[in-house]
Amino acid sequence: MATIRRALGVPFGLPQPRWMLELGAIGIRTETELILKSRWVAPERLLDAGYAFAHPDLEEAVLASFAPPSAR
Numbered sequence: 003m004a005t006i007r008r009a010l011g012v013p014f015g016l017p018q019p020r021w022m023l024e025l026g027a028i029g030i031r032t033e034t035e036l037i038l039k040s041r042w043v044a045p046e047r048l049l050d051a052g053y054a055f056a057h058p059d060l061e062e063a064v065l066a067s068f069a070p071p072s073a074r
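Start counting the sequence shown at 3; every next residue gets the next number (the working numbering).
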């Protein structure tokens, strides 16, 4: 989250209690597990197959995701 806040220029983040996340998840019809559980994945198969990511690091990907369509 620190990387996302830094990329978007947000100086600090407020903690979200589990119940708030669960309420929000109901509203957007998703699972809180997507937010509450940590996942570490490595794209070894893709990289071994020669795939090149357009934005290889998180900060660059966040900046590109929130850039205006004309800047993409």
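All C-beta atoms in this analysis are idealised placements derived from N, C-alpha and C, irrespective of residue type, glycine included.
Presumed contact (8 Å Cβ cut-off) between residue i and residue j, rounded CB distance
| i | j | result |
| --- | --- | --- |
| residue 7 | residue 61 | Actually they do not touch by this definition, with Cβ atoms about 11 Å apart. |
Spatial distance of residue i from residue j (CA atoms)
| i | j | result |
| --- | --- | --- |
| residue 21 | residue 69 | 31 Å |
| residue 51 | residue 57 | 17 Å |
| residue 23 | residue 14 | 18 Å |
Simplified DSSP assignment, three categories, for residue i
| i | result |
| --- | --- |
| residue 27 | helix |
| residue 71 | helix |
| residue 66 | helix |
May I have a chain-ordered list of the alpha helix (DSSP H) segments no shorter than 4 residues that lie completely inside the segment 3-54?
-> 4-10, 20-29, 35-38, 46-50
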